[in-house]
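Student: Under the working numbering, the sequence shown has 68 at position 62, and the numbering climbs by one with no breaks.
Just so you know, even glycine gets a beta-carbon here, dropped at the ideal spot from N, CA and C.
Keep in mind it's a predicted model, so treat the numbers as computed, not measured.
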Amino acid sequence: MSWRYHVYVCPDADTPSHGPHCYDRMEKTEDTFHDYGYRDAYKLAYERAEENGHAAVWTTSPFNGKTALAYQHIRGGGVCDICGPVTGRRGPWTRSVAFEEFLCAECARDLQAASDDISKAMGVTRWRSVRPVIEGADR
Numbered sequence: 007m008s009w010r011y012h013v014y015v016c017p018d019a020d021t022p023s024h025g026p027h028c029y030d031r032m033e034k035t036e037d038t039f040h041d042y043g044y045r046d047a048y049k050l051a052y053e054r055a056e057e058n059g060h061a062a063v064w065t066t067s068p069f070n071g072k073t074a075l076a077y078q079h080i081r082g083g084g085v086c087d088i089c090g091p092v093t094g095r096r097g098p099w100t101r102s103v104a105f106e107e108f109l110c111a112e113c114a115r116d117l118q119a120a121s122d123d124i125s126k127a128m129g130v131t132r133w134r135s136v137r138p139v140i141e142g143a144d145r
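This is the structure we're talking about:
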């Protein structure tokens with residue numbers, strides 16, 4: 007039993023009707039990765055998104071067969087889920103202890119500063135809790 011990771015590419019990412027949640031229109035690539043191969047799946051999705059506009063990785067549980075979105079990338083970064091509707095800023099798919107979403111550099115910096123303040127107040131070691139899923143994806 008192993009976790010499976012499938013890479014999907016959006017065929018209409020460069021059309022005006024494309025939205026960030028076009029999962030029902032995505033096409034599965036020939037690539038399937040297992041267990042710790044998720045890193046390779048994420049890198050492939052990043053590369054395919056840079057080529058085609060939008061790609062995602064869906065994972066399938068070996069225990070119950072359910073699928074879930076594990077990673078996605080949109081060329082140039084997705085619209086920031088916090089401030090994007092107002093500012094239009096974009097950023098990479100970002101992970102923290104509480105969420106996975108697109109964040110611009112400013113919002114990621116502010117959330118990390120808040121996490122640092124909480125750690126300091128609690129007297130525990132600070133750690134980088136807000137980071138792009140793929141380092142360097144925020145280019």
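Could you check whether Tyr48 and Ile140 sit closer than 8 Å to each other, using their CB atoms as the reference points?
Tutor: Looking up residue 140 in the sequence shown gives position 134. Looking up residue 48 in the sequence shown gives position 42. In contact: Ile140 and Tyr48 (Cβ atoms closer than 8 Å).
Student: Name the DSSP bridge partner or partners of Arg96?
Tutor: One-based indexing of the sequence shown puts residue 96 at position 90. Arg96 pairs with Val85.
Student: Confirm, please, whether the CB-CB distance from Ala74 to Val13 is below 8 Å.
Tutor: Against the sequence shown, residue 13 aligns to sequence position 7. Against the sequence shown, residue 74 aligns to sequence position 68. No.
Student: I'd like the list of long-range same chain contacts for Cys28, defined as Cβ closer than 6 Å, with 5 residues on each side in sequence excluded.
Tutor: Indexing the sequence shown from 1 puts residue 28 at position 22. Cys16, listed in sequence order.
Student: Which residues in the same chain have their Cβ closer than 7 Å to the Cβ of Lys34, if we skip the five residues on either side of it in sequence?
Tutor: As a position in the sequence shown, residue 34 is number 28, starting the count at 1. The residues are His12, Tyr14.
Student: Give me whichever residues DSSP pairs with Ile80 in a beta bridge.
Tutor: The residue labelled residue 80 in the question sits at position 74 within the sequence shown. Note: Ile80 sits in a beta bridge opposite His60.
Student: Excluding the five sequence neighbours on either side, which residues of its own chain have a C-beta within less than 7 Å of the C-beta of Ala55, listed in chain order?
Tutor: For this step, residue 55 is matched to residue 49 along the sequence shown. Correct list, in chain order: Ala61, His79, Ile80, Arg81.
Student: Determine the contact status of Gly71 and Phe108, defining contact as a CB-CB distance below 8 Å.
Tutor: For the purposes of this step, residue 71 is taken as residue 65 along the sequence shown, with counting starting at 1. For the purposes of this step, residue 108 is taken as residue 102 along the sequence shown, with counting starting at 1. Not a contact, by the Cβ cut-off of 8 Å.
Student: Run the CB neighbour count on Glu100, radius 10 Å, all protein chains shown included, and call it buried at 16 or more, exposed below.
Tutor: Looking up residue 100 in the sequence shown gives position 94. It is worth fixing the name first, because residue 100 is Thr in this sequence and not Glu. Buried, because 16 or more other Cβ atoms sit within 10 Å of the Cβ of Thr100.
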